[in-house]
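Numbering (the working numbering), first residue to last: -3 to 618.
For each residue, glycine too, the CB sits at the ideal point set by N, CA and C.
What follows is the structure in structure tokens.
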């Protein structure tokens, strides 16, 4: 029997902290066979990423390998397996292995890519460091690998800076950088967390395809059990640095044994959930969703709190620094939405489809070129972009934002008390004593300890920071929350806590939500009505149960087909997703096809169910 590519035995990693040393990884053992994919799953803080850092010997200064071995049997090597744990992380031998024979894809591409260098230079540099090639050969290989990972214009990508790329393309650049050296082992740390479902499916398909061509092994670190069900051969389940359960994918999903693994599976949103069924997080949050000092919003049955009517937004892009040519990009094209009082409207679509631009126009961060956003606080609808003075101040209090990244949206120099009371101070609400009481109420509402008021954001976990973001958004007693991907960066158990919290707050306070996400299973759990967006258009809108039971538009069908399900009997159809033409309006079948210059029109196909089709005059001419 051939040796495994990587064999981890009794690995222990200790981290020094103010409270002393603790074991981030405690006696971990597993093998990665040649050409296979091993997935490590678990919550944030379970030791998954520390394990990957130990393998590549890139642990932070406060951490060190306290015991165990990491045996790497390089297929190109002639000698016996090399113990990476015994190597100096800064040695020349380790530098050649790191990035050359063992490559890593990091979770956050924006902080992993240099903003000062083009994507082409960074990807080509990875090859120049590990192989003797000329600059021209390195650029040719970089262009080839850009094409392989799905860049629409690989040649142009060579001279593009990271800030010019969408989140999905930045992640593809990271993957290109890892794959250009053709490594024996690819360590993928949450490689698709920030990507929409169709891009995620394409990246997963790409990794599988490259694995088949090169015999590369993959260590996949993720909290998405749907991805694990579609990618892994073997699964390792970790909790607080220890292995709770390990085995082949079939056994793990069909016959889970450990209570922790069973609990993880119950925390995942699924399409087949019963009406009224709640997610079951590993640890319930004891939240007082209703404050005794805050009156719930009274909603009449037919009141629409936000009415978006035909808004559009275009941008003019330069084709080059000195070319003088410009391109008009329609980011949002004739979008109409309605958020009923006390209900949730879900807005889904791929990265770059215009979801966030719509929410920015609703919050008045951007002004639409055409159309109007109407807000009704109970006194009648008013055009948001015509408001000024006190009326504008009231609107800003009534509509609040919950951001995607809870860490960057909270000032690291402010205590929790300062973060929660700053909106009250800005709007001149309450005395110092009243603001102090309000801050304690807000912590109760999101299930955080009142003793946290003097702490800073960095001392909280990702889920706790997101709850702080929600508490801050609730400080001014708003009527509407604009939730922009509020759980995309959270692991499944914390995601379940936050989603249940949002539903409880809505029920207790009468809040209305515009919930923007690319995770359709999450939107299915929280939304009453769902609108699907593509290339700046709303292409389909329906009640949640209708949309997922009978999707009509080909783009909606493609989105649903791209969602990785943690059910082994419902695998992803990679073949159907391989073409990538489902997001090209000119490639849709009739009557859904849209030609340049035609925005089409929405047609009713059922009660509350509408779909975008080509304009009647174009259909007749064809």
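Beta bridge counterpart(s) of residue i as assigned by DSSP
i           : result
residue 361 : According to DSSP, residue 361 bridges with nothing at all.
residue 378 : 371
residue 162 : In DSSP, residue 162 forms no bridge with anything.
residue 309 : 328
Whole-Å CB distance - residue i paired with residue j, under 8 Å assumed
i           : j           : result
residue 338 : residue 506 : 5 Å
residue 522 : residue 464 : Between residue 464 and residue 522 the Cβ distance is about 20 Å, and since that is not below 8 Å, they are no contact.
residue 137 : residue 123 : 6 Å
residue 229 : residue 33  : 5 Å
residue 524 : residue 539 : 7 Å
residue 348 : residue 162 : 5 Å
residue 439 : residue 445 : 7 Å
CA-to-CA distance, residue j to residue i, given in whole angstroms
i           : j           : result
residue 323 : residue 580 : 18 Å
residue 469 : residue 156 : 36 Å
residue 241 : residue 87  : 35 Å
residue 71  : residue 128 : 20 Å
residue 262 : residue 249 : 12 Å
residue 235 : residue 42  : 5 Å
residue 571 : residue 292 : 49 Å
residue 233 : residue 223 : 14 Å
residue 286 : residue 504 : 6 Å
residue 98  : residue 118 : 17 Å
residue 330 : residue 148 : 26 Å
residue 397 : residue 508 : 12 Å
residue 481 : residue 399 : 7 Å
residue 545 : residue 353 : 29 Å
residue 309 : residue 433 : 42 Å
residue 430 : residue 358 : 30 Å
residue 562 : residue 256 : 16 Å
residue 211 : residue 204 : 10 Å
residue 167 : residue 158 : 10 Å
residue 568 : residue 165 : 22 Å
residue 541 : residue 16  : 52 Å
residue 103 : residue 494 : 21 Å
residue 80  : residue 217 : 19 Å
CB contact flag (residue i, residue j, <8 Å)
i           : j           : result
residue 325 : residue 313 : yes
residue 517 : residue 265 : yes
residue 231 : residue 528 : no
residue 608 : residue 588 : yes
residue 664 : residue 181 : The structure shown does not extend to residue 664, since the chain spans only -3 to 618, so no value can be given for it.
residue 283 : residue 442 : yes
residue 60  : residue 140 : no
residue 405 : residue 510 : no
residue 25  : residue 53  : no
residue 30  : residue 213 : yes
residue 179 : residue 101 : no
residue 492 : residue 189 : no
residue 73  : residue 177 : no
residue 215 : residue 183 : yes
residue 197 : residue 556 : no
residue 402 : residue 471 : no
residue 63  : residue 114 : no
residue 12  : residue 46  : no
residue 380 : residue 360 : yes
Residue of the options minimising C-alpha distance to residue i
i           : options               : result
residue 39  : 20, 298 and 503       : 20
residue 475 : 300, 587, 175 and 169 : 300
residue 487 : 277, 206 and 399      : 277
residue 598 : 534, 547, 550 and 584 : 534
residue 462 : 185, 473, 34 and 415  : 415
residue 90  : 49, 584, 111 and 561  : 49
residue 368 : 385, 401, 348 and 334 : 334
residue 78  : 419, 455 and -1       : -1
residue 606 : 270, 526, 397 and 402 : 526
residue 169 : 519, 145 and 425      : 145
residue 395 : 439, 456, 466 and 328 : 466
residue 458 : 478, 483 and 471      : 483
residue 385 : 246, 423 and 471      : 423
residue 629 : 225, 532 and 478      : Nothing can be reported for residue 629: it is not among the residues displayed for the chain, which extend from -3 to 618.
residue 621 : 500, 554, 513 and 451 : Since the first and last residues shown for the chain are -3 and 618, residue 621 lies out of range.
residue 365 : 374, 373, 328 and 379 : 328
residue 237 : 252, 583, 564 and 36  : 36
residue 332 : 454, 305, 27 and 438  : 305
residue 498 : 268, 274 and 321      : 274
residue 350 : 530, 554 and 150      : 530
residue 202 : 311, 221, 227 and 217 : 227
residue 298 : 611, 456, 377 and 610 : 377
residue 27  : 44, 67 and 172        : 67
Interface flag, residue i vs chain D, CB-CB below 8 Å
i           : result
residue 478 : Annotation note: the requested chain D is absent from the structure, which comprises a single protein chain.
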